[in-house]
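Trainee: Basically the working numbering = 1-based index in the sequence shown + 5. Note that CB positions come from ideal geometry on N, CA and C, so glycine has one too.
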Amino acid sequence: MTNRIKIQGMSCEHCVKAVAGVLSGIEGITNVKVSLDNNEAVFDAADNVDMEKVKRAVEEEGYKTAG
Ligand SMILES: [Cu+2]
Numbered sequence: 006m007t008n009r010i011k012i013q014g015m016s017c018e019h020c021v022k023a024v025a026g027v028l029s030g031i032e033g034i035t036n037v038k039v040s041l042d043n044n045e046a047v048f049d050a051a052d053n054v055d056m057e058k059v060k061r062a063v064e065e066e067g068y069k070t071a072g
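1) If you measure from the CB of Ser-29, is any heavy atom of ligand 1 nearer than 7 Å?
2) Our contact map puts Val-47 next to Val-24 with C-beta atoms below 8 Å; I'd like the distance itself, whole angstroms only.
3) Using a Cβ-Cβ cutoff of less than 8 Å, which residues in the same chain neighbour Ile-31 once the five nearest sequence positions on both sides are dropped?
4) For the beta strand (DSSP E) that Val-54 lies in, which residues bound it at each end?
5) Write down the C-beta distance between Tyr-68 and Met-15 rounded to the nearest angstrom, noting that I regard them as a contact closer than 8 Å.
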């Protein structure tokens, strides 16, 4: 299913690539799109993907998540 998480702290394309890289590296996540303008990431996640782990992975990269 399609998921959308809000991400705070992205300031440039480097941040977008970093977040996209983290998300794309998680098994079961595909079609990652990260928007700097909207401060969010949209992606498809398999049923067994733990969204709390996904958020934690983004936060470990240095960004804040919500939603
Ligand atoms: Cu940046």
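Mentor: Taking the geometry as given:
1) Counted from its first residue, the sequence shown places residue 29 at position 24. Not under cutoff, so the answer is no.
2) Stepping through the sequence shown from its first residue, residue 47 is reached at position 42. Stepping through the sequence shown from its first residue, residue 24 is reached at position 19. Not a contact, Cβ separation roughly 11 Å.
3) Residue numbering aside, residue 31 sits at position 26 when the sequence shown is read from its first letter. Its chain contains Val-54, Lys-58, Val-59, Ala-62 as the residues whose beta carbon lies nearer than 8 Å to that of Ile-31, once the 5 sequence neighbours on both sides are disregarded; these appear in chain order.
4) Indexing the sequence shown from 1 puts residue 54 at position 49. Where Val-54 is concerned, there is no enclosing beta strand (DSSP E), given that its DSSP letter is neither H nor E.
5) Within the sequence shown, residue 68 is the residue found at index 63, counting from 1. Within the sequence shown, residue 15 is the residue found at index 10, counting from 1. The Cβ separation is near 6 Å, so the contact holds.
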